[in-house]
Structure formats: structure tokens, C-alpha cells
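Participant:
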Amino acid sequence: MVERLMSRAGVGVVVGALGMLALSSGPSAAPEVAGTDRGFVVTSFYYANTDGGPEACPDGLTVSSRDMYLASLPPAERAEMSKVDKELNLYAASIRSKDGKNLCRNPDLAPDAHMRTVQGGTAFGINLDGTDDGHATANSCAHEKFSSPSGVKAVDNQFYRVMGCVPGYRPKGIDEQYKSAAYRSGEYTVLINVMGLKPGASDGEVTVGIYSSANPVPFAGNGTPIANASLTVHPNPHFRAVAHGRIAGGVLTTDPVDLSLYHTVGRPSEIALKGARLRLELLPDGRAKGFLAGYQDVEFLFHHQFDLGAPEATEQVKFIVAGAAAAESGYDCVSVMSALKRLADGYPDKASGRCTAISSAFRIEAVPAFVIPPSDEGARPVKPAAADSGWVGRWLRKLGL
Amino acid sequence: MTRGVGRRFAFALVAAGMLALAGCWQDDAPPTKGGPVVMRRLSEEQYRQSIADIFGSDIKVAGRFEPDVRKNGLLAVGASAVTVTPSGFEQSDGRAIAIAAQVVDKDHRDTRAPCRPASVTAADDACAAQFLRHYGRLLFRHPMGEARLRQRVGDANRATAVTGDFYSGLAYALAPMLYSPEFLFRMETSEPDPEHPGVARLDGFSKASRLSFLLWNTTPDDALLTAAEQGDLDTRKGISRQVDRMLASPRLESGVRAFLTDFLGFDEFDTLAKDPVLYPAFNQRVAGDAREQVLRTAIDQLVTRDGDYRDLFATRRTFLTRSLGPVYNVPVRAETGWEPHAFPADDPRAGLLTEVGFTALHAHPGRSSPTLRGKAIRELILCEPVPAPPANVNFALVQDTTNPRFRTARDRLTAHRAEPTCAGCHKIMDPVGLALENFDALGAYRVTENGAPIDASGDLDGMKFTDPAGLGKAMHDNPATVSCLVGSLYRYATGRAIDKAEQPWQRWLEQRFAADGYRVPTLLRRIATSDAFFAVAPETQPLPAKEAMK
Amino acid sequence: MISNLSRRSLLRTALRGAGVTVALPFLDCFLNDNGTALAGGAALPVRFGTWFWGCGMTAARWIPKTVGPGYEVTPELKPMAAYRDQVSLLTNFDVILDGAPNMAHISGPIGFRTGALPGGGADLPSFDVLIADVIGVNSRFRSLEVACTGDPKHSYSQRSAAVSNASETSPVALYTRIFGPEFQDPNAGDFKPDPKVMLRKSVMSEVRNERDALMKRVGAADRVRLDEYFTSLRQLEQQLELQLQKPPPAVACAVPSKPKDMEVGSEIEQVVATHTLMTQLVAMALACNQTRAFNVVFSNSSSVLRKNGTNTTHHQLTHEEPVDEKLGYQLEATYFLDRSMAAWGAFLETLAAVREGDGTLLDNSMVLAHSCTSYAKTHAIEGLPAMIAGKAGGRLRPGCHVDGNGTPASRIGFTAMQLMGVPADRWGQKSMTVTKPVNEIVV
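Protein chains in written order, with my numbering: chain Y, 5 to 405; chain F, 572 to 1121; chain A, -18 to 424.
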């Protein structure tokens, strides 16, 4: 993939194809001035959730599998299982089916407990299906839309509808805390490169690269992100996508594209968005903020984000890890899967007509960065992160596992 | 390069043969009386390098070192004035014990001791003597006398008797050698010159020491000590052979780096701080890389390319890391380590003075300073000391940075130039430093300050310029740039101010430097093989401070 | 080890000086027959130290209108008001140039500490070194120097211009130096001289014995430097000697816990945090008799103090900040003075919190605080601000405001030296020569 890279502030130094920046000891190659790239590194990346006010969760927040399990026990056993030294057993027991199977792996093995979902009309995100009212189309199922607090209408964010009343998934909830910490510590990084702008122009048609990077986001000691750093595009082409877009009135939007971003949840993972769109406000000081939204396949999403536990961990550990996450975030796997399927609004199955993917939105903040083309080693399978990385790993350590 | 130098040397030898002056057969260099023999304290870097070269680079040197003192503009000259204070001695003792303990421990004794004792739990005179004689020669930079060696062996035996361990006994005898004045200081010895009755010369070991610390910034290696022992360093040919060996070695880089670090005042990096709110891109990593960048740029130009010293102020070739990338606002491909980088031909960054290692070092934590930068250029690079401020400065004239009338530093420093008591000195510093105002306190490029455009015009001793590249050209063309380098290198080599009587020799050296294309390794060679470098005389007439720095 | 006999003769000689008592270590040979008090009848050892802050004060807000005890707590003295009665304030004492150039932020402290101005050719020891030479002779450390700014060069304790006592900048390193593996708890019951220490001392003495041979090899200037080297060696030798003797008990000694590693630097919160740790260590070093003398630099001469998010240091503010028309002083520059005086108060509080005998460590100490200028904006060194805290075991009258009437500031260092037993009846050079101590504060 040929990338053209130019330094900022209009000083044009064009670099050729992969791996050929102005390295030579002689005078630099004559620059071909054809446009000005604007690169960004995302400094904050999490689900676009919102408080939603009292109308969002009028019946209250969701109940965790742990609490449901405890409630189902006779008092003596309940008291016993509530003891501190029984914490791990409780986590495991709370997601064990009658046949002893892991319900976060096999959510269809227990009845749906009908988790509370968002009832209000407010959410952030992007209009993904192109309709004003969420009626069914060739590629989407009928569903309710949202309006954002800043007045954007016809937002598709069914994932928020499912998870918006789960304590851990609400703003500053524990899921956001852990995943933000993981992002800031460099477990996964997202780059955006806006290419093809005419020199001197701020509006126009562009090509937008959305990539993962194996380099951590640089932060200063006080937590401020450092602008104009250089980060390299991920060596695995699976984690790169390019879309057409345009900038108008200081806002960048892109046409739909399928993309995958490298992600971790205590083990290597990925966020896969179908028909993804980017909407970024380009601020005068060079920063950017906005949303990346698209459809996540429900099965893929569930098994990546709720069926937790490193591949090489024992079954017992997987029970504990997945059960702990559900307990501390406040959901139950069975109901989550049911709700995801029920509220899915994209990519209907040809045979059944049921939608298989769910609209999701991520909130993004970014600062300027130089997006460096990957070296020409070609596609490399991504190295799995260490089994004990990430917030689940921290959990395990906290539990002494 | 070695071949070229060899050719030049052969030429000089022939020329010298034809110009024999009173038995001293240098080429057409004016004779000098030399300077007094003064002992010089090892710097931290010299100490560490000596330990690494003598005992191995895996021996850890922990602990802090006393600060060095700058005199006549150089730490190398201050080394001739400092001593060891009580807390400094405490530190030396602590380090010495730790080093000796490592050298004899189980992981190192087999490779660091030249012999094994008959029994590990008893004294062994012969092996102790062999061990201590070997290291004594390297540590003291000359062979240990037999009487002293016997004393040290006695120490080792006594200690072995108490501890019951041969190696532990060795450590007790070795540690004091590491805090002895003969290790901590470069103590030179003069002897009567057999060729010139009534005149003194440095002995071979002292010459070995001077050569080694000048060219490699470390203690003399075995080859150099052997050359001294065999009397080679009493002949011009023998000296040249060693000098050429050392110039051809990759270790020449360490020597040049040590000089540049001193010359450019890089010890100030130890306490460099920038406001973290205003400059989040700054951290210790950036400071370290900025320092290293200047040294790499200089080594590349002066040693690797054997280039013209003056071009250092105009070069757009440098090296970058990812931590420096954001400060320079350029892409850096290498994910780790250094990569070469060339700024485009019209880039305002040109020359050492525009690198972060200069602009950030000579600025305040919260803003730039034309005065600090101008002062640094005058004093460090041009060897022109700036007088101290007068007693009754009226600072009421200097306004604050948020005053709307004085948005740029140039505006604020107008009073410096208008007020007569201030102007005398500030007109020496400010016009030079104002050329670099496009670089903020961190060294990042900016076009405006507080919304007002920056005017980077100024002049240096009559040469006018309008941007930093112009300043670089003015530095290139200024004769003081070159004479300062020559004088500083000579002062660095000899550890003292230049004596009045040496000035003709210094002028000659400057002429040769020009004729040699302003090449630093060649200059080093001239100094290292000169009579002047090794000449010793009793206390001589010191120059006044202003001239002593030239 | 000096024999008991020669120690007694030292005591006799010192006591010949009228009205001056010499602080001695608490050794068995000096106990009275009952072993309940020192032979001379003196109280616990008196400690001496200095405390330095940079960039002075504003006279109109610093100087009280009345002299004597119970002086008015002026606005700039407010942060240390709680200790007013334990601190004598010395105003209107000048550093006099005699035509020597006023080297900004250098002439003040050097003149004050050595009694001579730089550039006048003199190259003298600071009074704290002279005092430590007397009272620190038998302590493990002759003196301890610390700086709270992260720069070891921030020190005003010197034997000469070339021999400056560098400051410790890391609390962890200072802790290890004092209370690390070589520390001997004076209150620990058991004691056995360590044969390894004896070995170290014996090999060190052999290096010392090479002194004469080495001296012959060097010129006159180097002999002075080698002499200083051997003085330093001798001091460590003495430390080792002391380690071979059972240390006398120290009533107030409580070994502190090791501080956490911290980043040091010139940002004001860093400096205050460093100062807190350093103060605790110095106080315990004194209480445990590891040293009798200390020098603390809170902020250096021409103060590098700064606040995060601002682009101007304390020093720059003193020159550039306009005097506020309504308030009559430089608001932001004075912020740093207020923090400095608060730190001074905290320092006194820490010493006063250590109970020793009938009083406190502060009662048994003399701490001399001073700065590099009076009004930093104009580099003024007239009326250099100084304070003396503590009672020096009863020799000092605390809590007095003394107006110096333009007499030389060297009188202050001279007074301290006399009170601490340095035999001297005059001190200083040219117009800084003094013979009259500040009697108002001498008991």
C-alpha cells in the first residue's frame, strides 16, 4: 500500500512508498507536492454512552448474574456464599448452567431474565441506516432511533440501548475505567490518516485511513496527550481500512467501510465494525473529536466481549473471569445475548430475516500525529498479547489467580 | 583517513628534519615554555570509563559524584582546581568498596584475577602480588613501586586472616587503591630532559595519561603504558605512532564527545526543567535525546565525515528519535533508536544552534531567553566573556510578558538596548540571541509570540542576518568561532588557561587549523604531537580572565 | 583515636576562653563521678545549622516597626508567626561592597557567609565550616548539607571558592547515608566493634601515611589541594573510629523509616515535599548525634522556584513583575516568599517537636536563616534579611528584633561563631571586618 506522508504546517516533504522517508545522507528527494495529509492518533476510545437522564432507565439499572444467583439461594446458603472467602466460588457459580456449563459461553442454556434496557430517546452516535425513523430497509431491521444531547437526529445506537442501563457500562463506569486504562497504557491504539486534501484547502474530498497501531499513544507525565508524535500503522493488514470521505465546515465524514481494530480484553481481541462511518469535528487547535460507528456482528461481539478468559486459561478460571466481569459490571450474560439479538438492527440473515448485527458507536478524541507507513514485511499475524494483560488480567491478579 | 594522516606526518618529519631548532625538531611551530604541572581530578565520566576499561564494563559503578567546577569556561580547567571534600571522599570510599567487591566476587574472579590462590581460605603472597601489581599499574597509570606493592599485599594478608577468605582480602587491599589520590587525580611527574640540560619534561607515563584522556577520555590502555615503559613516548615517532593508533580507533568518538560536552556546557542538562503544563512534550527522555542529538550531529560532521568545523553552524543533517519528533514536528520512521534526518534546504533549522539541545538548554523553564542564548553563544562558542551586570540595575524598566505593548521578547528587551547601563553588555548578547526567538523554551518552532509575529533579524559583529540560518552563516564566517575552538581544545587538553608566552603558538595553531580545512581530528593530532602539549615550566604568568578564555 | 587525656586537655583549653563553653560528645570520660551529668555541668550538645532561601523580601512588609522582644508579626513574617518567640529577627545589617562589583545573588551570600566579597581576591571558608570544625570534630559527620531544589551545586557552605560542600538532593540517598547499613543506633543495647570496620580503617590509615611522599611530588598549589584531600580522608577515618566505639545514648533518637523515592526539581510543590522529608532526616540525624552541624538550602540564591503552568520563575518575577499599584508589592513574586517562610516555619516545627531533656531539639540548637538579597528586584544587599532561631542550650536570647543600623552583616556570622566556640575576636575583611557581636541576642 503506497502511503504519501507530508509533515505538518505546509512544509512539504513527501516520502515515497513503504519505508522510504527522507533518510539518505544526501540532500532530500525533491518533494512532490500533491496534497497535505493530516494524521491523528486517537487518545480516547470507548463506547459512546451517556447518562440519559431519569427516562433512560425508569425501572432502575440492571441486576448482575451474581445478585440474581444469590437471590435464588435459600438464606443460609446465601449468607455462606456472600462471605469474602467465597467470592471466587460465587463468581463461578453465578454463571453456571444447570448442567454445569459456562453461560457466558453458552447463553442459550438458561432462560432470558429480561435485562432492563434503555427506554429514553437520547444517545450519541451516527445515522447508519440512512433513514429518519428507523424503518426496515434492505440491510436493516425496524428499530427506534435516538437524538443526541447536542441535537443530532436519527442516531442508530442499539448497543447503547442494550447496555445503557448496565452500571459498569454507564459513563465513568467500571468497564470504561478499565478499558480506558488499557488504551492509555498502550494495549491498543487507533490511528486516523486523512489523505488527499489539496494544499491550502481545508474542505474537499479525501481518503481516510483507519488503522490500528502497535505503538502506544504518547502521554506526558500529567496525562496530556503529546501532539505530533510518530506512530506506525499496524503490521497486520487485517487491522487497516481505507474509506472515502469529505470535509465540510470543519467536519470529516466517511462513506461506509468494513474495518477491524485490534483490541484487548485480557487477551487479544478485536472490534469489528461493518458499514462503519467516521464523523470527526476538526477543531481549530488541531485536535479532533467525534464518533466511529458501525454494526457489530452479535455473535462475534458477544464472544469477544462477554465470553471472557484467555484461550489457554483453565475452564475454572474462565468461569471466574467471566462471572467476575458480569458481577462487577452488573449484567448477566444470558440476558445480554438475548437483548443483543432482539435489538439487532443490521445485516438481516437471508433465511430468517432476523438482523445479525447491532449498531454501535464509539466516542473518539484525537490529537495530530504523523502516521508512519508500516515496513514492507508484509502481513504478519498479530502476536497474542500476554495472557495476563489487560483489565481481566489485573482482575485475575487481584483475585490471586 | 589514517593513510592521509600518515602521509602528512611523513611530510612533517622531513620538514622538521630541515628545521631543527636547538635540538627541538617540531615543524615551524613557535616554541613555548609550557605550563606548570597540575594534578587534575577525574570527572565522573573519566572515572566510569576508567573502571570499565580496567575491570570490565559489567562492573557497576553506583553512587553519586561531586559536581565538577567550571573555570575559564571549561570543566577540564576546573579539574585542576578542585579537590575531594569530605562528602566527596565518603562517596569515593563507598564506590571503591562496591567496585572491589564485584571484581573479586564469584561471577568475576575467574575472568578478572590473573591467577588463582593455592587455597581460597588462606593468604597467597604470589597471587595477591600479581593481582595487585596488575591493577595497580592500570589504576595509577604507572607501575607500582615494590615497597608499596608489599604494603598492599600485607593489607590483603591481614584482611584474609580476619575474614578467612583470600578474595575478600584482595578486596580490602584493592579498595583503597580506588580512592587513592593517584587514582582520583591525574598526578603528573616531570623529570630532567636529557636533551635540554636544565629543562624539565613530563615523564612517559604522564604523557601517556595526557594522550589518553585527550583522545579517548579514559585511562591509558596497556599498549600506551607499555609504550611509556619502553621509552617510546620520549621520541616524536613513538608519540606519533600512538596518536595515530588512537585517532584511528572508534574510541576517538568518546574523546571528542567528552570535549564537546564540556565545551557546550552540557552539564547543565542535569538540572534542566521545563514547565510541564506549558510544554507537555518535555520529559527526561526528551532532554537526554536532545543532548545526544547535538553530540551525534557534531560527531557525524567532525569525526565521521572529517568535515569543516564551521559547517556545524549551517548543517541541516542531523539525527532524530521518536521522542524528539513532536518537538521538531517532523515524522520519525524508526520505532526505536535513532535515524538520520535532513531538514529541507529552506528550513529555518540549520546548524547546531537551532537544535533543541542548544535552544532548550539556554532558556528558562517557562519561556525562551534571547539573553541566555546570546550569552551562551558569546561565552561558549566565541570565547568572549560577558561582564557581570552592574551593581545598581534599575529593573523597573523591564515589563511583564502579558503587557500588551511588549508581546515579544524583542519588545521586552528594548529597555536593555535603550538604557545606557544595560546596553553595554546586552548589545553583545541580545542581537545574537534574538535570531533564535523562533524557537520557544522547548526549542519548538513558532512564528508568533502572544499573537505578534517574531522578527529574527540581528547582527553578529557587523554581519547582519534575518533568520536563524543567517545567524549560522555569520557564525561560520566569524573568526572568533574558529579561534575559540582552537583555544578551548588546547585549554581542555592542558587543563589550564593559556599562558601569555603560548599565544604565538596558539596563533600558529589557528593558521594550521585553517590550512587543514578546519578539521578537528587533524587539530587533535597537531596538539597531541606538539612539543607545547607536553612542555612543562614552573608557575607562569597567567592571563587575565578575559583573555584566558580565548 | 585521640586518647582520653588529650580530650580532657582540649576541654581545659577551650574553657579558658571567657564565657564560652564548648559542646562535647557525650562520652563516659566526661561524666561526673555519679555519671548523671557532664563534667563541665553543661547541658545536652548544642547544634548549629543554616537555612537558606532565595530572593529575599520586601522591606516595608518584612521589618517590624519596633525592636526588642515581642516584635510585630509583619505580613511577610506571618507564615512563621507561631515561632515568633523562638526566632530573633535581624534587620538592617548590610553586606558592604567597598567598590567590589555586586555580583547579582552571589555577593550577598558570599559576603554574609565568609565575611569577604568575591572579586576582592579573598577566598575564605564560610562560618558554618569554621563552626563545624569545632563542634563537628567528634561526630560521625562533620556537617550535612542538603538542597531541596534538586541541584547539588546549591550550597553556601565552602572551605574556599574551589572547595564547596555539595548538597545532598535526594532524601532517599540522604537516608541511606545516615541511617543505612553503616548506622549504629545509639540506643541499641548490644555493641561489638566490627572487625571489618577495623580493617577498613587500617587500610585507610595506610593511604594517609602516603601523604608525605605525595606532597613532595606536587607543586605549592597542589599541596593545598592534597591537604584538603587528606583532611577529608581523616574525617572518614574518624567516622570509622567512632563506629568502633559504643556510641553514647541519645534520648531523642528515633530512627525514621526510609522515605519513598521521589523526583526532585525546582517546581514549588516538589521543593516543599523534598524539604519536608529532608527536615525530618536532618532532625533525626541531630537527635541521634550523627552530626552537630547542618546546612539546608530551601531555594537557592536567585531562586529557581517556579509554579507549574506559569512561564516565569521566582527570580524572573522579582525583576519583571510590576509592583501592584494598590498593594504596593509584587504579588506573584511574594507568593514564593510566603511559601518559603511557611517552609521555614515547618522546619522549626519539626525541630521543636523533638523532645530532648527538659526542652526540645530547637532549644538546643542555633539555626541561622538568611537570603541572598534584601529586595531582589534591585539586587540590593543592604539589610540582608537574617533570623536566628533556637536557644542554643541557653546561650541565645530568642524572639528579639534587632536593628543593625547599617553595621556589617558579618556581625551575624561572627556572633554565631563566638557562641558556638570558634576562637575568634575579629572576622571579615575590609568594611566587613567586625569585632562586635550582636549582643542583644547573647545571654
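The C-beta atom is built at its ideal place from N, Cα and C for all residues, glycine as well.
Do we get a CB-CB distance below 7 Å when we pair residue 376 of chain Y with the residues of chain F?
Facilitator: By this cut-off, residue 376 of chain Y is an interface position.
Participant: Quick one: is residue 364 of chain Y near chain F, going by C-beta distance under 7 Å?
Facilitator: By this cut-off, residue 364 of chain Y is not an interface position.
Participant: Going by Cα to Cα distance, which pick from Y/141, Y/132, Y/143 and Y/71 is closest to residue 150 of chain Y?
Facilitator: When each option's Cα is compared against that of residue 150 of chain Y, the closest is Y/132.
Participant: Taking 7 Å as the cut-off, decide whether the C-beta atoms of residue 600 of chain F and residue 246 of chain A are in contact.
Facilitator: Against a cut-off of 7 Å, the Cβ pair of residue 246 of chain A and residue 600 of chain F comes out as no contact.
Participant: Are the C-beta atoms of residue 216 of chain Y and some chain F residue less than 7 Å apart?
Facilitator: Not closer than 7 Å to any Cβ of chain F, the Cβ of residue 216 of chain Y fails to qualify, so no.
Participant: Are the beta-carbon atoms belonging to residue 129 of chain Y and residue 365 of chain Y less than 7 Å from one another?
Facilitator: In this structure, residue 365 of chain Y lies closer than 7 Å to residue 129 of chain Y by Cβ.
Participant: At a Cβ threshold of 7 Å, is residue 209 of chain A touching chain F?
Facilitator: By this cut-off, residue 209 of chain A is an interface position.
Participant: From the DSSP output, in three-state form, read off residue 276 of chain A for me.
Facilitator: Three-state DSSP puts residue 276 of chain A in a strand.
Participant: Do you know whose CA, among F/993, F/904, F/735 and F/715, lies nearest residue 751 of chain F's CA?
Facilitator: Looking at the Cα atoms, F/715 is the closest of the given residues.
Participant: Which residue's Cα is closest to the Cα of residue 319 of chain Y: Y/99, Y/283, Y/201 and Y/139?
Facilitator: Here the closest residue by C-alpha is Y/99.
Participant: Unbroken alpha helix (DSSP H) runs of length 4 or more, entirely within the stretch 318 to 394 of chain Y: which are they?
Facilitator: Taking only runs of at least 4 residues, the alpha helix (DSSP H) segments lying wholly in the stretch 318 to 394 of chain Y are 319 to 333 and 337 to 347.
Participant: Under a three-way DSSP split, which group does residue 1069 of chain F fall into?
Facilitator: Of the three classes helix, strand and coil, the one that applies to residue 1069 of chain F here is coil, per DSSP.
Participant: Run through chain F and tell me which residues come within less than 9 Å of residue 247 of chain A, C-beta to C-beta.
Facilitator: Within chain F, the residues near residue 247 of chain A are 842, 844 and 936.
Participant: If we define contact as Cβ-Cβ less than 7 Å, is residue 814 of chain F a contact residue for chain Y?
Facilitator: By this cut-off, residue 814 of chain F is not an interface position.
Participant: In chain order, what residues of the stretch 891 to 906 of chain F put their CB closer than 7 Å to some CB of chain Y?
Facilitator: Under the 7 Å Cβ criterion, the stretch 891 to 906 of chain F contributes 893, 896, 897, 900, 901, 902, 903, 904 and 906.
Participant: Once DSSP output is grouped into helix, strand and coil, what is the label at residue 516 of chain F?
Facilitator: Any property of residue 516 of chain F remains undetermined from this structure, which presents chain F solely from 572 to 1121.
Participant: Which runs of the alpha helix (DSSP H) at least 4 residues long sit entirely within the stretch 613 to 665 of chain F? Give them in chain order.
Facilitator: Within the stretch 613 to 665 of chain F, the complete alpha helix (DSSP H) runs of at least 4 residues are 615 to 626 and 646 to 649.
Participant: Would a C-beta distance cut-off of 7 Å place residue 127 of chain Y and residue 106 of chain Y closer than the cut-off?
Facilitator: Going by C-beta atoms, residue 127 of chain Y is not nearer than 7 Å to residue 106 of chain Y.
Participant: On the CB-based measure, 16 or more other CB atoms within 10 Å of its CB, does residue 663 of chain F come out buried or exposed?
Facilitator: Under this definition residue 663 of chain F is a buried residue.
Participant: Is the CB of residue 1025 of chain F under 7 Å away from at least one CB in chain Y?
Facilitator: No, residue 1025 of chain F does not count as interfacial toward chain Y.
Participant: Could you pull out every residue in the same chain whose Cβ sits closer than 8 Å to the Cβ of residue 1088 of chain F, ignoring the five residues on either side in sequence?
Facilitator: If we look at residue 1088 of chain F and ignore the five residues flanking it on each side, its Cβ neighbours are 879.
Participant: Kindly indicate which residue of A/227, A/39, A/315 and A/210 has the alpha-carbon position closest to the one of residue 168 of chain A.
Facilitator: The candidate whose alpha carbon is nearest that of residue 168 of chain A is A/227.
Participant: So, using beta-carbon positions, are residue 150 of chain A and residue 285 of chain A closer together than 7 Å?
Facilitator: No, these two residues do not count as a Cβ contact at 7 Å.
Participant: For residue 310 of chain Y and residue 73 of chain Y, what's the separation of their Cα atoms in angstroms?
Facilitator: The straight-line gap from Cα to Cα measures roughly 18 Å.
Participant: Kindly indicate if chain A contains any beta-carbon less than 7 Å away from that of residue 968 of chain F.
Facilitator: The predicted position of residue 968 of chain F is uncertain, since its pLDDT is 49 and thus under 50; no value can be drawn from it.
Participant: Fully enclosed by the stretch 65 to 98 of chain A, which alpha helix (DSSP H) runs are 4 residues long or longer?
Facilitator: Within the stretch 65 to 98 of chain A, the complete alpha helix (DSSP H) runs of at least 4 residues are 88 to 95.
Participant: 7 Å is my cut-off, CB to CB: does residue 236 of chain Y come that close to chain F?
Facilitator: For residue 236 of chain Y, the answer is yes, since a Cβ of chain F falls inside 7 Å of its Cβ.
Participant: Applying a beta-carbon distance threshold of less than 8 Å, which residues of chain Y neighbour residue 980 of chain F?
Facilitator: Result: empty, since nearest Cβ-Cβ is about 22 Å, beyond 8 Å.
Participant: Give the DSSP-derived three-state secondary structure of residue 294 of chain A in the structure shown.
Facilitator: Reduced to three states, the DSSP call for residue 294 of chain A is coil.
Participant: At a Cβ cut of 8 Å, what residues of the stretch 775 to 786 of chain F count as close to chain A, listed as they run along the chain?
Facilitator: Against chain A - using a Cβ distance shorter than 8 Å - the stretch 775 to 786 of chain F contributes no residues.
Participant: Counting contacts by CB-CB distance shorter than 7 Å, is residue 146 of chain A in contact with chain F?
Facilitator: So yes, residue 146 of chain A belongs to the interface.
Participant: What residues of chain F sit near residue 230 of chain Y, judged by a beta carbon separation below 8 Å?
Facilitator: Chain F residues near residue 230 of chain Y: 851, 852 and 897.
Participant: I think residue 992 of chain F touches residue 1025 of chain F, with their Cβ atoms under 8 Å apart; what is that distance to the nearest whole Å?
Facilitator: About 27 Å; that fails the 8 Å criterion.
Participant: What first and last residue would you give for the beta strand (DSSP E) that runs through residue 300 of chain Y?
Facilitator: Taken as a continuous stretch (DSSP letters only), the beta strand (DSSP E) holding residue 300 of chain Y covers 292 to 301.
Participant: Span of the alpha helix (DSSP H) holding residue 910 of chain F?
Facilitator: Premise fails: residue 910 of chain F lies in the beta strand (DSSP E), 910 to 913, not in any alpha helix (DSSP H).
Participant: Look up residue 668 of chain F in the DSSP assignment and say whether it is helix, strand or coil.
Facilitator: Correct three-state label for residue 668 of chain F: helix.
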